[in-house]
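Note that the sequence shown covers residues -22 to -1, 1 to 1194 in mature numbering (1 follows the signal peptide of the UniProt record, and there is no 0). The structure appears right after this line, and notes come after that.
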Amino acid sequence: MADHRRVLPIFAVFLLLHCVWGEGKINQNALPNENSNSQQEMALERQKRIETRGNGQFANAINMQQQPRQPAGAVPQVPAGGQGQGNMQRQGNQIGGGGLAFKQNPAVDYKSPNRSPGSFQQQQQAAHPTPPMKLAENPDCKEEIKHYCSHNLANSMSNNFAVLDCLQNDLKENQQLTPKCQHVVYDYKRQLTTDVRFDSAAFEVCKDPLSKLPECNKLQQGGGEIIPCLIENMENITNQNCQLFLKKMASLIFSDYRLIKNFVERCGNDISRFKCGRSEDDRDDSPHNQGRTIKCLERHYSELDEGCNQQIMRVAELQSDDYHMDRPLYFACKDDREKFCRDVKAGHGRIFKCLYKHKFERTMSAECQEMVTLRQKLVHADYKVGHALAEGCAKDIKMFKCAKHARDHQNQPGRLSEILLCLENERKKGKKVSAECQSEMNNWRRSLMEDYQLTPEVAKDCSTEVTQYCDGGTERGGKTLHCLMDLARPRERQFDKQPRISEQCLRALEGLIKVADAAEDIRVDPSVMQACQPVASVLCKDVKPGDANVMACLMDKMESDKMTDECEERLVEIQYFVARDFNLDSRLHKLCHKDAVKHCHASENWYDPDTEGPSNGPLILPCLYGRIMHHENDPHMQISRQCALEVKRVMHQRALNVDLEPRIEEPCMADLATYCSQETEKGAEVECLQDNYDSLSDECQEAVGNFTEDEDADIELDKILMKACMPMLRTFCQKEMEDDRDTGEVMECLIKQKHSPQMDLKCAAGIEHHQLITLKDYRFSHKFKEACKADVMKLCKNAKSKSQVVVCLSEHMRNDTLLDKVQRLSAKCLSQLKFELLQRSESIKLDPDLLQSCQEDIDHFCPDKNAGNAEVTECLRKKNPKKLSSSCRSMLFKREMVMERNPSVDFGFMTYCKSMVKHYCQDEEPSNYLTCLKRHKNEDNFDQKCRRKISDRQIEQNRDYRLNPALKSACTMDIPKFCKAVLQNKKSKDEDFEGEVINCLKTPYRKGRLSKNCEDQIGQIIRSAALDYRQDPVLARACEKELKAYCSEEVERVQNGQGGKGEVEECLKNLVKQNKIKPKSDCSNEVARILVEGKTDVHLDPILHQACSADLRHYCDGIEPGEGRLMSCLLTALDDRTIRLTKHCRILLQQRVDLWEYAAKIAPPETAADLWDQVMGSPSRNHFLLIIFAVISVMFIGGLCCGRVTKRVTAQAKNK
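In structure tokens:
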């Protein structure tokens, strides 16, 4: 306090000047009218305030009438009886019209502030009278005063106050006093500062305030400390006359540092060090150069000694109320004030605020702009230098102890940044900060964002960047700051191969964004405001400003057609920093602060200067998002619904640009530069990283992997996909898009609809790209990972990629099924695995193993097929396996086994037969879909495309029994028993048997030696093959040439789906009858086989069965089918002349008999068993049996009659 009181003893000159020049009462008219528009108005105002002083408290305290001139050194006489301060009106201090020419008398004792009556009179009597002086009559100034002031002071030239007021404030920039006159004025003011009557007048004018301020009342008079003490407590003084007295002539006080007591002592070293003083011959006391030394020191305020820094800050603080007090600024901005602030009344820092607002107007003078900027810098160093802020936030600062808080953490107490952070911290806690204070806070935040130079750390640490990349800081309105913010994006630095911004500069920018709370209100950032206001007025016109509402709205509308590139760029520059500090997103902080503190180790306070170590700000949002994604079923780990919605909103916003994803951008800077430097589309950088996933660095790969996993769970994180698929989502997946649906269901919905006729091609491409990305790691499929992670850890630890995991799990599923064991996979995992298998079968691209194994075959056999919609896979499956490469044949067979065992994962089958499955097999297990549809495929209303697809699958199943789960299960015991040799001939288990095993089982089938279940399965196969020759691969392979030569039309109809009614086999049978098939050839043998098979039972010959269906009902009713019983019945009826079969049945049955005879010739029995079978199967078997019986009988009778042929031998001879 004592130091501050010694700073400005010159302030006591206020009262003395009123004593010297005032002629009446001090009232509001005594102040210059700041709204005067011309010199004439100012003159009239000055004349008015001089002439109207007649009475009042100040007039009662000091007699302002001019007295006769006294000899030099004389002390004015005080009338007897004058007592105390109240008698000052009667005291002969004779300083009205005359000048003051005396100094403080050191012989006078002023130690007792509580003076006895008459003490002041005695003191004045002890002084030496000084001859009065009128400035207007001084020979060194007379002519100049008359020249510059006569038109304004027509009747007041004898009043020194009016003259000095004119010289101080009314001279124009090009009007200068002579050095002699300047020095006269300076000496005159200097003498005023040492006059004892300053303090005495203060005791009279400010009597009441002093009585309430004991720390000021007890001070020694004449020491120049009383008035500074009053200034210190000005905010607590309500007496208007006292306030006016303390403010009135402040412009004189700050005109020259030499007038300030102890200033030279405290700042002498700094004045010399920074060359802020005057040379010996520099006697320039021009009003326009007043305060030059103080202003010079202010420019170096951060480098001053502590004592001098306190002096400078105190001077600036006292100047903050009225811009007149800052003389350099007053003169530099005199014209600008008239231009921009002519309607703004001086006082309470209003002119400063106005000039701050217009600082970057193009018409503001450079000199004024420089002074205003310097003033703002001082405010940043000490908030009390900003009068409006200090006054508007005084109660809040006191309530929240922000000033003390700032002193505790800064070398310089009261830094603006600390005050703003402290107040905002309390506001974020829900405490109320006055509206006036919030307004002032926003004003200064705007100033900070408008001019980077106001933040010392940015100005110092970013000077190199500003010079090299930002036009030397010449751009106005925050553009330089946004230039630096753009440089701060590490991705940009890396592309240039050289860092364009230092770490210190980056930290300084982060601190500035925090202090300015730039994301809270776009109005505090002029660059954002200029770029985005037109956009906000259209897209966010109903959004209330504040609490980051407009910023959030603009970010949500980033992809709107009305969003401009400039606005988007400014938003991203701000959001880059917001994304790295949880506290900077006001809405997120407000809704999620409690959850962040509870779950993610966030700080209790929005701003905590005591926190040491690196900030965890960038980690809080991913932490909260992880709670949503991975702990939705754990109530103890869940976050509030409001917070969850806000977190998702923010994540969706920031997914648009990799710069806003610090968890990706920071570890992937080098990879972005290497692989993605040419990507410019929104969201393309992340997609690029995903495409190059296998080549990324370990750290980047992990980051991209985590993001991709989240992207699958929440489709809105994939901005490219969302842009392409939003209409499709509304069409197909509206229900899945509801907030309460499980994560990942939206993506599944899109995948299922990928090949819908209504699906947009761009959306389909985006879906497939997403599917391809998820192949790189099973974790990228969120639902799959969540459903199967336990099974993967248990059964497939070594699997890395998703395709490997799917193969591993599907093998376990298959093995458990084959061995009739309980499935080791959980129900959830089984369900999700089936979905993944269905995806794999849809596109060859989604099956990297099959694609790699069959690439050459695809290029050769299926070059025109699309990868998707299972086109390539179906193409390969239809080819003769022997034509495929061994690696492709082996891998394709594995895929076929999976799909045949579970048709629900066969995309080709499900695409064509979904409606039929729904119609006929709704209650069946998915593994039985194909079996179920086989039973119904020949019905009249059955879908033709599905019928063809079922035939394709039957052809595959008949090629290898392992592809027919029902047959394999039914014939488990029969196959090793009857077909052991066939099994042993196969070299690889992955090669198919090309129908040989099934063909092998047909022989014991005809003999009735198969087990009941196996017999039923083989019977079904024979019946189906009789209608579609392709289902008999051995026959089709053996008769390929004959079919091409003689049955091409029938074959073509079958392949086009128009046949399949047995016409091809009929064609072959006719060829046999016509001897067009070479006897003993493979084809003739196979035709003979099918003839024999048809003879086994009428059901195995579907054409004959259909032709004779009426006859069977009429003549063979009650006969159990099987073992040839129905066929024997028909043959008996054919031989019986009393039975009249239907014409078509009789003709067709007779043809079959003839063919069987031909078959016997073509394929005679090879073994005794075959011979016996042929005899027993012949219609003339009784004839053959009779002949055999006769031959045996003849041999028996002959033996009886003829005796033995050999001679008898003795028993002894036999036993030798």
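C-beta atoms are modelled at their ideal positions from N, C-alpha and C, and glycine is treated no differently.
Looking at residue j and residue i, is the spacing between their C-beta atoms short of 8 Å?
{"i": "Leu941", "j": "Glu874", "result": "yes"}
{"i": "Ser947", "j": "Phe885", "result": "no"}
{"i": "Glu418", "j": "Pro504", "result": "no"}
{"i": "Ala1004", "j": "Asp1079", "result": "yes"}
{"i": "Cys415", "j": "Leu432", "result": "no"}
{"i": "Ile698", "j": "Gly661", "result": "yes"}
{"i": "Glu1064", "j": "Val1012", "result": "yes"}
{"i": "residue 1195", "j": "Phe338", "result": "The displayed coordinates of the chain run from -22 to 1194. Any statement about residue 1195 would go beyond what the structure contains."}
{"i": "Asn214", "j": "Cys194", "result": "no"}
{"i": "Val556", "j": "Ala514", "result": "no"}
{"i": "Ala1111", "j": "Leu1119", "result": "yes"}
{"i": "Tyr361", "j": "Ile397", "result": "yes"}
{"i": "Gly683", "j": "Arg757", "result": "yes"}
{"i": "Val183", "j": "Asn219", "result": "yes"}
Would a check of beta-carbon distances place residue i closer than 8 Å to chain C?
{"i": "Phe241", "result": "Considering every chain present, this structure includes no chain C. It has just one protein chain."}
If contacts are defined as beta-carbon pairs under 8 Å, then residue i and residue j qualify, I think. What distance do you get, rounded to the angstrom?
{"i": "Ile164", "j": "Leu113", "result": "Here the sequence assigns Tyr to residue 164, which means Ile is not the residue at that position. Their Cβ separation, rounded to whole angstroms, is 12 Å, which puts Tyr164 and Leu113 out of contact at 8 Å."}
{"i": "residue 1270", "j": "Phe223", "result": "Past the boundaries of the shown model lies residue 1270; the chain is included only from -22 to 1194, so the question cannot be answered."}
{"i": "Ile1081", "j": "Glu1030", "result": "Not really, about 19 Å apart at Cβ, beyond 8 Å."}
{"i": "Pro881", "j": "Tyr907", "result": "4 Å"}
{"i": "Arg937", "j": "Gly973", "result": "5 Å"}
{"i": "Ala509", "j": "Cys545", "result": "4 Å"}
{"i": "Cys286", "j": "Leu275", "result": "7 Å"}
Buried or exposed: where does residue i fall if 16 or more other Cβ atoms within 10 Å of its Cβ makes it buried?
{"i": "Gln656", "result": "exposed"}
{"i": "Val162", "result": "buried"}
{"i": "Gly1035", "result": "exposed"}
{"i": "Val1131", "result": "exposed"}
{"i": "Arg320", "result": "exposed"}
{"i": "Ala765", "result": "buried"}
{"i": "Gln932", "result": "buried"}
{"i": "Lys1175", "result": "Per the sequence shown, residue 1175 should be read as Ile rather than Lys. So Ile1175 counts as exposed."}
{"i": "Ser298", "result": "buried"}
{"i": "Asp672", "result": "exposed"}
{"i": "Ser395", "result": "buried"}
{"i": "Leu961", "result": "exposed"}
{"i": "Arg1091", "result": "exposed"}
{"i": "Pro600", "result": "buried"}
{"i": "Asn13", "result": "Reliability of the predicted coordinates at Asn13 is poor, the pLDDT of 40 falling under 50, and no value is obtained from them."}
Taking just the CA atoms, how far does residue j sit from residue i?
{"i": "Pro613", "j": "Glu903", "result": "36 Å"}
{"i": "Glu1098", "j": "Val975", "result": "29 Å"}
{"i": "Thr442", "j": "Leu131", "result": "54 Å"}
{"i": "Ala381", "j": "Ala574", "result": "29 Å"}
{"i": "Thr216", "j": "Pro187", "result": "8 Å"}
{"i": "Val785", "j": "Ile500", "result": "53 Å"}
{"i": "Asn561", "j": "His567", "result": "6 Å"}
{"i": "Ile745", "j": "Asp690", "result": "11 Å"}
{"i": "Lys335", "j": "Thr341", "result": "13 Å"}
{"i": "residue 1215", "j": "Glu551", "result": "Residue 1215 lies beyond the stretch modelled for the chain, which goes from -22 to 1194, so this question has no answer here."}
{"i": "Gly364", "j": "Cys483", "result": "26 Å"}
{"i": "Cys711", "j": "Gln922", "result": "30 Å"}
{"i": "Cys1107", "j": "Ala1088", "result": "13 Å"}
{"i": "Asp994", "j": "Met791", "result": "27 Å"}
{"i": "Phe956", "j": "Leu945", "result": "15 Å"}
{"i": "Lys812", "j": "Ser788", "result": "9 Å"}
{"i": "Ala845", "j": "Asn793", "result": "29 Å"}
{"i": "Val350", "j": "Thr445", "result": "22 Å"}
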